[in-house]
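Participant: So the protein sequences, as listed, match chains A and B.
Sequential numbering of the first sequence, starting at 2, is according to my numbering.
Sequential numbering of the second sequence, starting at 35, is according to my numbering.
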Amino acid sequence: MTFAAAHTHGFLSPTGVEIAFLLVGLATFGAALVTVTTRQLVHAALWLVVALGGLAVEYLLLTAEFIAWVQVLIYVGSVVVLLLFGLMLTKAPIGRSPDADSGNRWAALTVAVAAAAALVWVVVDAFRTTWVDLDGPAAGSTAVTGASLFQNWFLPFEALSVLLLAALVGAIVLSRKAKAESSSPPVNSRAATGSSPSVPDSRNHPIEGNGRVEGTNPVATTGLTHAADAADAADAADAADVTGSPGVTGSPHAPSPTSTAGTSPAQQQEGAR
Amino acid sequence: MHLAYPTVLAALLFCTGLYGVLARRNAILVLMSVELMLNAVNLNLVAFDVWLSKASRETLHSGQALTLFTIAIAAAEIGIGLAIVLAVYRNRGTSDIDKLRDTAEGHESEGPDSDALTAGSADGAGKAEATA
Chain A
2 MTFAAAHTHG FLSPTGVEIA FLLVGLATFG AALVTVTTRQ LVHAALWLVV ALGGLAVEYL
62 LLTAEFIAWV QVLIYVGSVV VLLLFGLMLT KAPIGRSPDA DSGNRWAALT VAVAAAAALV
122 WVVVDAFRTT WVDLDGPAAG STAVTGASLF QNWFLPFEAL SVLLLAALVG AIVLSRKAKA
182 ESSSPPVNSR AATGSSPSVP DSRNHPIEGN GRVEGTNPVA TTGLTHAADA ADAADAADAA
242 DVTGSPGVTG SPHAPSPTST AGTSPAQQQE GAR
Chain B
35 MHLAYPTVLA ALLFCTGLYG VLARRNAILV LMSVELMLNA VNLNLVAFDV WLSKASRETL
95 HSGQALTLFT IAIAAAEIGI GLAIVLAVYR NRGTSDIDKL RDTAEGHESE GPDSDALTAG
155 SADGAGKAEA TA
């Protein structure tokens, strides 16, 4: 704050709240590192819970209690659950997946370490003589936050509610469009066994396009024998027949039974391979 | 509390998220790294707000209000992002962002492969109709 305050503090005599902040910060940073380096995708989401919970404790230590509980409610409570649902919906592998990191890992590590070094140097140099006064009334209690939010920040608050509504509608539209394309299994199976001459249609198609992309080499795909194609078509027809009754598929990752109809044949083919 | 503690932690968390965004291959892991970066920014905002609200008498608590807005926007972002990832997964069968190269330029080898692939799948569809 001021130089007068700076003389009353010292680098080498940390207070109790500083020690607690340091320990929780080390745990948070370690959890974040494990989150971005682990090869097990579900473990990454669970370590993200540890990192976000540690940040909530840091908010509490900074006397911002309302932010801390909002962090626990929204991040740990809903965002991580959404991420776990996303991992399950995209059929993420449960065990170790060797291709979790891309090929430019070392370039990314170089960029991140350089950015960390620059940022830490700048921040430490800039705030060397700055102390936060945590005594007295809490700076972020619910009364203080609510008063400032509804006195000074009312219009942005309402605009934010409109943004949340727009995001909600957008998410529904994005999900519903895919559902409308595949909501009728007989039409879908007809399209699967029928010819699809247009290029985007054949590429976007859940059965033919994805099965080929996931499964085999494209060059080998073009050289497939007639018998293999017939077997593929029979597989696709069987899968489409199974998904004709949406409850039978029993896939645990669908918000509504009808939305599984389009995705299930491709996934069943992947499972068969 | 020395202000360097929260700011250094925020810088380290931001760079961890930066590494995750650059190095991860699964789209959902990239979203997790984006969440880490947003949280680092939130920690910075809260620390500066606590510092400035004690340093001066009259303050609008802009840091904490902005933190709340950031958290809400992050929730909206994760909802839309997951909807997009799921739509991509439905259409492509993968959430691997290294394979989403349709708009990439300068990779001419991608063109004939994808052409052969779509031609092969269309061909296979035609044969399937013939055998059916």
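Backbone N, C-alpha and C fix where the C-beta goes; we use that ideal spot for every residue, glycine too.
Excluding the 5 residues flanking residue 73 of chain A on each side, which residues of the same chain have their C-beta closer than 6 Å to its C-beta?
Facilitator: If we look at residue 73 of chain A and ignore the five residues flanking it on each side, its Cβ neighbours are 57.
Participant: From the DSSP output, read off the bridge partner residues of residue 132 of chain A.
Facilitator: Its beta-bridge partners are B/36.
Participant: Which residue marks the beginning of the alpha helix (DSSP H) containing residue 88 of chain B, and which one marks its end?
Facilitator: Looking at the DSSP string, the run of the alpha helix (DSSP H) that includes residue 88 of chain B is 61-89.
Participant: So what does DSSP say about residue 132 of chain B, is it helix, strand or coil?
Facilitator: In this structure, residue 132 of chain B counts as helix in the three-state DSSP scheme.
Participant: Let me check understanding here. Comparing Cα to Cα, which of B/70, B/62, B/87 and B/47 lies closest to residue 149 of chain A?
Facilitator: Selected option, being the one with the closest Cα: B/87.
Participant: Using only the alpha-carbon positions, how far apart do residue 81 of chain A and residue 89 of chain B sit?
Facilitator: For residue 81 of chain A and residue 89 of chain B, the distance between alpha carbons rounds to 36 Å.
Participant: Counting along the chain, where does the alpha helix (DSSP H) carrying residue 76 of chain A start and finish?
Facilitator: That residue, residue 76 of chain A, is in no alpha helix (DSSP H); it is neither H nor E in DSSP.
Participant: Considering only DSSP beta bridges, list what residue 126 of chain B is partnered with.
Facilitator: Answer is none; residue 126 of chain B lacks a bridge partner.
Participant: Measure from the alpha carbon of residue 52 of chain B to the alpha carbon of each residue in A/154, A/111 and A/155, then state which is nearest.
Facilitator: Of the listed residues, the one whose Cα sits closest to residue 52 of chain B is A/111.
Participant: With DSSP collapsed to three states, give me the class of residue 126 of chain A.
Facilitator: Residue state, collapsed to three classes: helix.
Participant: Roughly how many whole angstroms lie between the Cα atoms of residue 23 of chain A and residue 132 of chain A?
Facilitator: Rounded to the nearest angstrom, the two C-alpha atoms are 15 Å apart.
Participant: Nearest chain A C-beta to residue 82 of chain B closer than 7 Å, yes or no?
Facilitator: No, residue 82 of chain B does not count as interfacial toward chain A.
Participant: What span of residues does the alpha helix (DSSP H) with residue 85 of chain A cover, start to end?
Facilitator: Its alpha helix (DSSP H) spans residues 81-90.
Participant: Mapping DSSP to helix, strand and coil, what is residue 40 of chain A?
Facilitator: Coil at residue 40 of chain A, not helix or strand.
Participant: Can you list, in chain order, the residues of its chain with a C-beta nearer than 6 Å to that of residue 157 of chain B? Leave out the 5 residues immediately preceding and following it.
Facilitator: For residue 157 of chain B, the pLDDT reaches just 43, beneath the cut-off of 50, and the residue's location in the model is therefore unreliable, leaving the point undetermined.
Participant: Comparing the C-beta of residue 73 of chain B with each C-beta of chain A, is any distance below 7 Å?
Facilitator: At least one chain A Cβ lies under 7 Å of residue 73 of chain B.
Participant: Could you check whether the Cβ of residue 91 of chain A sits closer than 7 Å to any Cβ belonging to chain B?
Facilitator: With 7 Å as the cut-off, residue 91 of chain A counts as an interface residue toward chain B.
Participant: Go through its chain and collect everything with a Cβ distance to residue 139 of chain A's Cβ below 6 Å, but skip five positions before and after it.
Facilitator: These residues qualify, in order along the chain: 64.
Participant: Which first and last residues belong to the alpha helix (DSSP H) in which residue 147 of chain A is found?
Facilitator: Looking at the DSSP string, the run of the alpha helix (DSSP H) that includes residue 147 of chain A is 143-152.
Participant: Quick one, which of B/66, B/140 and B/98 has its alpha-carbon nearest residue 83 of chain A's?
Facilitator: Selected option, being the one with the closest Cα: B/66.
Participant: If distances are taken between C-alpha atoms only, which option among A/88, A/126 and A/97 comes closest to residue 42 of chain B?
Facilitator: The candidate whose alpha carbon is nearest that of residue 42 of chain B is A/126.
Participant: Tell whether a beta-carbon distance below 7 Å holds between residue 109 of chain A and residue 42 of chain A.
Facilitator: For residue 109 of chain A and residue 42 of chain A, no; Cβs fall outside 7 Å.
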